[in-house]
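Chemist:
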Amino acid sequence: MIRIFSLFLLLALTLISCGRKGAPLPPISKKPLDVNNIKLKQQGDYIVVSWHYIPKYDDNRPLKEFSFKIYLNDKEINPKLWHKRSLYWFSYKIPLFRKEYCFNIYVKSKDELSDSSPIECIIPTRNFPATPKITDIELKEDGLLIKWIGEGKNTNIYKSNDEIIPPIPDKKIANRGYYFDKDLQFNKKYCYYLTVENDKEVESNKSNTVCKRFEDIFPPKPPSDFKLLKKGNDYYLIWDNSPSKDVIGYLIYKNGKPLFNIPIKTYFFIDKDYKDGDKYYIVAVDRAGNKSKKVFLKRIIK
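Residue 643 in this note's numbering sits at position 161 of the sequence shown, and the numbers go up by one each step.
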């Protein structure tokens, strides 16, 4: 009887265990996720083709090794590809104008080909503006000033931190021959090219590329109203703050030597060793270590 009960219990546990098993996992996909959007535009003699792509299989697993198969009017082409982060692009030299050019893209993994991207088409025109020329890029205290010559209704400003500049405008402005870029970070390199547009929004060929490092080489504005005030037995050096926004403090020199080595952030300092005939000057110091002009002590109030 005990043996029969044990066999029954074992059978029940086996059935429960089998019942808890989930459905079998689907097979791992080897098919890459397809490119879902292509953008085309004309830049002078070229068609610029761009798309975003994050390499994954179509079951959302990361795809490490892949390539693109690019087709133009149903024939595979092998243009030089550029990319930055998830953006890929290439430029195709237009052999004939007023002809339709249709592009589509596949993604190829080691084992399979993705579905085709949507097919996008463009008919380029000969009516595009002349190529502009950037004539100067100037470092200013709070930005970079870019100047150019070129006729057109609007100007597209293209920008990057190196010479590989994505074909997506950073700014589009009315064409006025200059642009002052304030959206910058100190101690970084910035590169630019630009195109001009006609009234039908057809872009010119790219201008020359210019680069400049944005750095703080400009001294802050000096403090003002530097004076010595006697209160009891103490002598207070007092001043009005510099109007410059990046000032981190002030250095005071007495008889040609600094009273302290680290800039102070207050607007006064007590000198307990003052003697008649002592000479003082003060400078403002900014984040980059630039020093303002010297402001000499001229007023002593006793």
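From the three backbone atoms N, C-alpha and C, an ideal C-beta is built for every residue, glycine too.
Keep in mind it's a predicted model, so treat the numbers as computed, not measured.
Measuring CA to CA, which of R658, L711, I619 is closest to K671?
Modeler: Ranking the options by Cα distance to K671, first place goes to I619.
Chemist: Alpha carbon to alpha carbon, how far is K736 from R769? Give it in angstroms, no decimals.
Modeler: Using only the alpha carbons, I get a separation of about 23 Å.
Chemist: Once DSSP output is grouped into helix, strand and coil, what is the label at Q667?
Modeler: Reduced to three states, the DSSP call for Q667 is coil.
Chemist: For R608, does the three-state DSSP call read helix, strand or coil?
Modeler: Three-state result, R608: coil.
Chemist: Below 8 Å, can you find three or more Cβ-Cβ pairs linking the segment 653–660 to the segment 574–588?
Modeler: Verdict: no, contact absent.
Chemist: Rounded to whole angstroms, what's the CA-CA distance from P611 to V678? Just pull it up for me.
Modeler: So the alpha carbons of these two residues sit roughly 7 Å apart.
Chemist: Roughly how far, in whole angstroms, is the beta-carbon of N680 from the beta-carbon of N609, given that I think they are within contact range, below 8 Å?
Modeler: The Cβ separation is near 7 Å, so the contact holds.
Chemist: Taking all protein chains shown into account, decide if E685 is buried (16 or more other Cβ within 10 angstroms of its Cβ) or exposed.
Modeler: Flag for E685 reads buried.
Chemist: Start and end of the beta strand (DSSP E) containing V767?
Modeler: Here the beta strand (DSSP E) through V767 covers 762–768.
Chemist: Measuring only between beta-carbons, confirm whether N690 sits less than 7 Å from chain C.
Modeler: This model lacks chain C altogether, as it is built from one protein chain only.
Chemist: Please report the Cβ distance between K512 and Y539, rounded to the nearest whole angstrom; I am assuming they are in contact, meaning their Cβ atoms lie under 8 Å.
Modeler: Contact flag correct, Cβ pair sits at about 7 Å.
Chemist: Which residues in the same chain as I552 place their Cβ atom closer than 6 Å to its Cβ, once the five residues preceding and following it in sequence are excluded?
Modeler: These residues qualify, in order along the chain: I559, I587.
Chemist: With distances taken Cα to Cα, identify the nearest neighbour of Y749 among P537, L626, G526, I730.
Modeler: Measuring from the Cα of Y749, the nearest candidate turns out to be I730.
Chemist: Can you list, in chain order, the stretches of the beta strand (DSSP E) that have 3 or more residues and sit fully within the segment 697–721?
Modeler: Listed in chain order, they are 706–713.
Chemist: Among G771, N542, K713, which has the Cα closest to the Cα of K784?
Modeler: Comparing Cα positions, the closest option is K713.
Chemist: For G759, count neighbouring C-beta atoms within 10 Å of its own C-beta (all shown protein chains included) and say buried if the count is 16 or more, exposed if not.
Modeler: With fewer than 16 other Cβ atoms within 10 Å, it is exposed.
Chemist: Would you report the Cα separation of D593 and K682, rounded to the nearest angstrom?
Modeler: In a straight line, the C-alpha of D593 is about 45 Å away from that of K682.
Chemist: Checking 7 Å against the spacing of the C-beta atoms, do G625 and F662 come in under that value?
Modeler: Cβ distance < 7 Å, so G625 and F662 count as in contact.
Chemist: Please name the residue, chosen from P649, Y763, T691, P725, that lies closest to Q525 on a Cα-to-Cα basis.
Modeler: The shortest C-alpha separation from Q525 is found at P649.
Chemist: Count the other C-beta atoms from every protein chain shown that fall within 10 angstroms of the C-beta of G738, then say buried if there are 16 or more, exposed otherwise.
Modeler: Burial call: exposed.
Chemist: For S499 and D541, what's the separation of their Cα atoms in angstroms?
Modeler: Unreliable placement is indicated for S499, whose pLDDT of 49 sits below 50; the coordinate value is still reported in the next sentence. Roughly 30 Å between the two C-alpha positions.
Chemist: Could you pull out every residue in the same chain whose Cβ sits closer than 8 Å to the Cβ of F751, ignoring the five residues on either side in sequence?
Modeler: Contacts found: Y718, L719, I734, L741.
Chemist: May I have the straight-line CA-CA distance separating I646 from S568, to the nearest angstrom?
Modeler: Each residue's alpha carbon lies about 14 Å from the other.
Chemist: Thinking C-alpha only, which one of E697, K566, G634 is nearest K664?
Modeler: Among E697, K566, G634, the Cα nearest to that of K664 belongs to E697.
Chemist: With DSSP as the reference, label T677 as helix, strand or coil.
Modeler: In the structure shown, T677 sits in a strand (DSSP, three-state: E or B).
Chemist: In its own chain, which residues sit with a C-beta less than 8 Å from the C-beta of N772, not counting the 5 before and 5 after it?
Modeler: So the qualifying residues of the chain are D698, I699, F700, P701, P702.
Chemist: Report the start-end ranges of each beta strand (DSSP E) in the segment 577–641 that is 3 residues or longer and not cut off at the edges.
Modeler: DSSP runs (the beta strand (DSSP E)) wholly in the segment 577–641: 583–590, 602–604, 615–622, 625–631.
Chemist: For E602 and Y574, I'd like the C-alpha separation in whole angstroms.
Modeler: Whole-angstrom Cα-Cα distance: 14 Å.
Chemist: Can you round the beta-carbon distance between V765 and K776 to whole angstroms, since I take them to be within the 8 Å contact cut?
Modeler: Confirmed, about 6 Å.
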